[in-house]
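Q: Mind the numbering: the sequence shown is residues 1 to 192 in UniProt numbering, read in order.
Just so you know, even glycine gets a beta-carbon here, dropped at the ideal spot from N, CA and C.
What follows is a structure written as structure tokens; I'll ask about it next.
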Amino acid sequence: MGNSKSSAMSKEILEDLKMHTKFSENELSQWYENFQKTCPTGRITPQEFETIYGRFFPESDAKTYSQHVFRSFDTNDDGTLDFKEYIIALHMTSSGRMERRLEWAFSLFDVDKNGYITKSEVAEICQALFKLIPKEEQDKLPADESTPEKRAEKLWSYFDKKDNERLAEGEFIQGVLENENALRLIQCASMK
Ligand SMILES: [Ca+2]
Ligand SMILES: [Ca+2]
Numbered sequence: 001m002g003n004s005k006s007s008a009m010s011k012e013i014l015e016d017l018k019m020h021t022k023f024s025e026n027e028l029s030q031w032y033e034n035f036q037k038t039c040p041t042g043r044i045t046p047q048e049f050e051t052i053y054g055r056f057f058p059e060s061d062a063k064t065y066s067q068h069v070f071r072s073f074d075t076n077d078d079g080t081l082d083f084k085e086y087i088i089a090l091h092m093t094s095s096g097r098m099e100r101r102l103e104w105a106f107s108l109f110d111v112d113k114n115g116y117i118t119k120s121e122v123a124e125i126c127q128a129l130f131k132l133i134p135k136e137e138q139d140k141l142p143a144d145e146s147t148p149e150k151r152a153e154k155l156w157s158y159f160d161k162k163d164n165e166r167l168a169e170g171e172f173i174q175g176v177l178e179n180e181n182a183l184r185l186i187q188c189a190s191m192k
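Take a look at the structure:
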């Protein structure tokens, strides 16, 4: 690189991240260094993300799911993940606080980012989740979860909504908190 400016995190971003996450300045600087190393351009493309993500699911097809995860992390919608988005994502998905993780889950299911989840969005994410389950494990699933369509149907039924109604964030989070099965079904089975 040879450009010293590009290797330092701006004060503004650092302050922002310290405020919005529980990470320390030390941790953030460490991550920034690693991020710059793996990603010299400072931006992760969907293709790079797919490659990174796919390593966690060697026995299944993580492509569609990783695209959804990427979309949920790309908060400014510019088609790439910058360091700030990456750290916020890390914070939300690894947070010990269930509610924070469910806020992220909501953004994952809200495919068109309009602030509501519809039944067809649930169906779309269930399709992607299903592909993460290795073939031999798919065969062992209970009858009412054995296809993406059935899984979506079952999950939607926990929210007490008609097929043409939609879920707001609070309803989604509450519904999942109140029902262990719903919590299980919004996650990928192989990621325990
Ligand atoms: Ca972005
Ligand atoms: Ca939506």
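Going by DSSP, which residues form a beta bridge with A168?
A: Beta-bridge pairing links A168 to Y116.
Q: Measuring alpha carbon to alpha carbon, tell me which residue in M9, R55 and Q127 is nearest N34.
A: Of the candidates M9, R55 and Q127, the one whose C-alpha sits nearest the C-alpha of N34 is M9.
Q: Can you tell me where the alpha helix (DSSP H) with I88 in it begins and where it stops?
A: F83 to S94 is the span of the alpha helix (DSSP H), which, as asked, contains I88.
Q: Tell me the rounded alpha-carbon separation between S190 and P134.
A: A caution first: S190 carries a pLDDT of 41, below 50, which makes its placement in the model too unreliable to give a value.
Q: Using a threshold of 7 angstroms, is the CB atom of T118 nearer than that to any non-hydrogen atom of ligand 2?
A: At least one heavy atom of ligand 2 is nearer than 7 angstroms to the Cβ of T118, so yes.
Q: Would you identify the three-state DSSP class for I44, choosing helix, strand or coil?
A: Strand.
Q: Out of curiosity, what's the CA-to-CA distance linking T45 and T64?
A: Rounded to the nearest angstrom, the two C-alpha atoms are 15 angstroms apart.
Q: V111: beta carbon under 7 angstroms from a heavy atom of ligand 2?
A: V111 Cβ: within cutoff of ligand 2.
Q: Where does P134 sit, in a helix, a strand or coil, going by DSSP?
A: It is coil, neither helix nor strand.
Q: Give me the Cα-Cα distance between S120 and F130, rounded to the nearest whole angstrom.
A: Each residue's Cα considered, the two are about 15 angstroms apart.
Q: Can the beta-carbon of C126 be found less than 8 angstroms from the beta-carbon of L90?
A: Going by C-beta atoms, C126 is not nearer than 8 angstroms to L90.
Q: Where N26 and R100 are concerned, what is the direct C-alpha to C-alpha distance, given to the nearest angstrom?
A: So the two alpha carbons sit approximately 23 angstroms from each other.
Q: Within 7 angstroms: the Cβ of T80 and any heavy atom of ligand 1?
A: For ligand 1, at least one heavy atom lies less than 7 angstroms from the Cβ of T80.
Q: Are the beta-carbon atoms belonging to A143 and Y158 less than 8 angstroms from one another?
A: Taking 8 angstroms as the Cβ cut-off, A143 and Y158 do not qualify as a contacting pair.
Q: Tell me whether D144 counts as near ligand 1, meaning its Cβ is closer than 7 angstroms to at least one heavy atom of that ligand.
A: For ligand 1, not one heavy atom lies less than 7 angstroms from the Cβ of D144.
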